[in-house]
Amino acid sequence: MNAEKLSDRLEAVANNIPKGASLADIGSDHAYLPCNVVKKGAVPMAVAGEVAEGPFQSALEQVQEENLTDKISVRKGDGLEVIQLGEVDCITIAGMGGTLISTILEKGKSKLEGVSRLVLQPNVGSFAVRRWLIDNGWELIKEEILEEDRKIYEILVAEKGDPMNPYQHGNLEIGILFGPFLLKEKPVVFKEKWNAEVRNWERILKQLDEAVQNDDTASKRQELKIKLKMAEEALQ
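Written as structure tokens, this is what we have:
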């Protein structure tokens with residue numbers, strides 16, 4: 001993977017950036033995504049944000065190598081603190097856990113004024129992202145799921161709007177866990193992901209059944225049983 005040829009998951013993220021939008025890619029790593037979309041002319045300018053020194057240097061080098069220093073600003077900082085208020089229309093955050101993505105959005109909430117689209121790609125825990133979007137007035141408008149190198153990724157696209165809109169037809173908790181759009185389409189990869197998850201939960205439940213019983217094991221068992229019931233409904 002490089003700036004010319006993105007990985008499938010980053011390609012999917014790139015395809016959801018509105019044409020002509022100014023972009024901030026948070027946790028940009030090698031800045032492959034901003035370099036790719038700027039070079040293609042899909043976006044006029046971008047900010048590549050990185051909190052760690054190593055990836056920050058890699059991003060700087062990549063942008064220099066591509067001769068894009070006039071169009072891509074590489075900045076070191078935590079989450080959304082790398083952008084100015086009103087500087088960008090679209091924010092991408094890819095390749096982290098859902099809880100971390102939610103924390104970044106929560107901490108940088110004041111910077112989201114004027115941002116019209118979020119493209120988020122949690123590696124795990126996408127439910128945490130969906131919950132944050134609901135709590136903060138962002139409407140999920142699209143979801144994708146794909147498999148690459150035997151890992152499964154979800155892409156969540158949100159805009160300001162009615163956060164409850166996608167969840168109107170069905171159980172809210174099931175929608176948050178599995179994704180309202182993915183539940184409708186139930187692509188093959190979606191079924192693969194959740195069938196594997198179900199097998200994992202069943203294995204844990206079996207271990208808990210054999211463990212010493214206390215309040216902790218009881219509440220974990222209860223939680224797993226609820227999830228398994230939700231999965232049964234979702235996978236029908």
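Here UniProt numbering is used: position 197 in the sequence shown is 197, and no number is missing along the way.
Cβ atoms here follow ideal geometry from the backbone N, Cα and C, with glycine treated the same way.
So, residue i versus residue j, is the Cβ gap smaller than 8 Å?
i: Phe181; j: Lys142; result: yes
i: Val115; j: Cys90; result: yes
i: Pro18; j: Arg117; result: yes
i: Gly97; j: Gly54; result: no
i: Leu172; j: Met230; result: no
i: Asn165; j: Glu185; result: no
i: Ala3; j: Asn36; result: yes
i: Ile83; j: Val51; result: no
Please list the terminal residues of the continuous alpha helix (DSSP H) segment that includes residue i.
i: Pro180; result: Pro180 to Glu185
i: Lys227; result: Asp215 to Leu235
i: Ala59; result: Glu53 to Glu65
i: Lys39; result: Tyr32 to Lys39
i: Leu10; result: Asp8 to Ala14
Alpha carbon to alpha carbon, how far is residue i from residue j?
i: Val119; j: Lys39; result: 19 Å
i: Leu100; j: Gly49; result: 15 Å
i: Gly95; j: Ala218; result: 34 Å
i: Glu144; j: Val212; result: 41 Å
i: Val198; j: Lys71; result: 46 Å
i: His30; j: Ser58; result: 5 Å
i: Ile26; j: Pro163; result: 23 Å
i: Ile23; j: Ser73; result: It is worth fixing the name first, because residue 23 is Leu in this sequence and not Ile. One C-alpha to the other measures close to 10 Å.
i: residue 237; j: Glu192; result: For residue 237 there is no data in the structure shown, the boundaries of the chain being 1 and 236.
i: Leu60; j: Glu154; result: 28 Å
i: Val188; j: Glu232; result: 16 Å
Tell me where the beta strand (DSSP E) around residue i begins and ends.
i: Arg117; result: Arg117 to Pro122
i: Val129; result: It is not in any beta strand (DSSP E) - Val129 instead sits in the alpha helix (DSSP H) that spans Ser126 to Asp135.
From the DSSP output, which residues share a beta bridge with residue i?
i: Cys90; result: Leu23 and Arg117
i: Glu159; result: Arg117 and Glu139
i: Val189; result: BP columns for Val189 are empty, so no partner.
i: Ser73; result: Val47
i: Leu146; result: Tyr153
i: Met96; result: Pro122
Count the other CB atoms, across all protein chains shown, that sit within 10 Å of the CB of residue i; report buried if there are 16 or more and exposed otherwise.
i: Ser102; result: buried
i: Glu66; result: buried
i: Ala196; result: exposed
i: Lys107; result: exposed
i: Thr69; result: exposed
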